[in-house]
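A.B. asks: The following block contains the structure, expressed as structure tokens.
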Amino acid sequence: MNASNITKQELALKLSQLEELKKSLPSYKDRQCGVFKHNDSVELWERIEELEEEIEDLRNAKAQNRLK
4 MNASNITKQE LALKLSQLEE LKKSLPSYKD RQCGVFKHND SVELWERIEE LEEEIEDLRN
64 AKAQNRLK
């Protein structure tokens, strides 16, 4: 398996993890039923931010691989 395929798989996994985390947030559930309370945990938001950074890094790596 080449680096490009590995990067694609990692990116897909991270995007999936990010979506699942967002769905587990109380504010996400609140928005679904029209209530706007924010009882989200700091830990969840920190993990979301970490995943978003990792996703951005993977996208940049993927773009760099295309240029080579």
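Under the working numbering, the first residue of the sequence shown carries the number 4, and numbering increases by one thereafter. Using N, Cα and C, we set each Cβ at its ideal position, and we do this for glycine too.
Distance, Cα to Cα, S44 vs L28?
C.D. replies: 8 Å
A.B. asks: For L24 and E55, which I take to be in contact (beta-carbon distance under 8 Å), what is that distance rounded to the nearest angstrom?
C.D. replies: Incorrect: roughly 10 Å between the Cβ atoms, too far for contact.
A.B. asks: My assumption, with CB atoms under 8 Å, is that A6 sits in contact with N63. Please give the rounded CB distance.
C.D. replies: The pair is not a contact, with the Cβ atoms about 13 Å apart (cut-off 8 Å).
A.B. asks: For L16, count neighbouring Cβ atoms within 10 angstroms of its own Cβ and tell me buried if that reaches 16, exposed if not.
C.D. replies: Residue burial annotation: L16 is exposed, with fewer than 16 other C-beta atoms found within 10 angstroms of its C-beta.
A.B. asks: When the Cα atoms are used, what is the spatial distance from N8 to I58?
C.D. replies: 15 Å
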